[in-house]
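Enquirer: When the letters of the sequence shown are read in order and numbered with the numbering used here, they come out as residues 390 to 532.
Just passing along the structure, written as structure tokens.
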Amino acid sequence: MKFPSREWCEAAAAAMLTDPETVAAIDDFGPVVAGVVIERGGGLRSDFCVLARIVPGQTFALSYPEDEDELEEYDPDYIAWAPYAVCRGLLERTFAGERPDPLRAILERKVRLQGDLQRLVRHAGRHRGAGLDALRAVPSEFV
């Protein structure tokens, strides 16, 4: 499956819900609406946007706004703007068996974040690496 795409996001969400670490992190964090803008580059002709409504005990509700302006209209709790190269690098390291820290990319300002960073840091510290094993199971081809 090509990353990023709707198909890839749906498969990643399904895989993460089979991962006990991810389920525990979702239960701990509570309901959240989060958007991601994967910024154009590395073969992407335009930005790719995904909005996830995550509620403990439920499947992710994913939607795909046309652009970041439409994504912002949903007023999510969090929005992350990540360059394609950063996303690809994190995923490639994950597939290689490493445990990259996406929070580090935010703290190093490689990824911009809008939302409650303090809450995110608090929960990320308790659930470091949640979902990485699940993502390794998602067949991925980079554009």
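Even glycine gets a Cβ: it sits at the ideal position worked out from N, Cα and C.
In angstroms with no decimal places, state the Cα-to-Cα distance between Val412 and Met405.
Expert: Roughly 8 Å between the two C-alpha positions.
Enquirer: Which of helix, strand or coil does DSSP assign to Tyr467?
Expert: It is a strand residue.
Enquirer: Taking the Cβ atom as the reference point for each residue, do Ala423 and Ala450 lie within a distance shorter than 8 Å?
Expert: No, the Cβ-Cβ distance between Ala423 and Ala450 is not below 8 Å.
Enquirer: Candidates Asp490, Arg511 and Leu433: which alpha carbon is nearest Ala474's?
Expert: For Ala474, the nearest C-alpha among the options comes from Leu433.
Enquirer: Which residue spans inside the segment 448-512 form an unbroken beta strand (DSSP E) run of at least 3?
Expert: You should have 450-452, 467-472 and 501-503.
Enquirer: Under 7 Å Cβ to Cβ from Leu521, same chain only, skipping five residues before and after it: list those, please.
Expert: The answer, listed in chain order, is Thr483 and Arg488.
Enquirer: Checking the sheet assignment: what are the DSSP bridge partners for Val527?
Expert: According to DSSP, Val527 bridges with nothing at all.
Enquirer: Would you identify the three-state DSSP class for Leu521, choosing helix, strand or coil?
Expert: Helix, per DSSP.
Enquirer: Please go through the same chain and pick out, in chain order, the residues whose beta-carbon is closer than 6 Å to the beta-carbon of Ser394, but skip the five residues on each side of it.
Expert: There are no such residues.
Enquirer: In or out: Ala523 buried (at least 16 other Cβ within 10 Å) or exposed?
Expert: That one is buried.
Enquirer: Which residue's Cα is closest to the Cα of Val500: Glu428, Pro420 and Ala403?
Expert: Closest by alpha carbon: Glu428.
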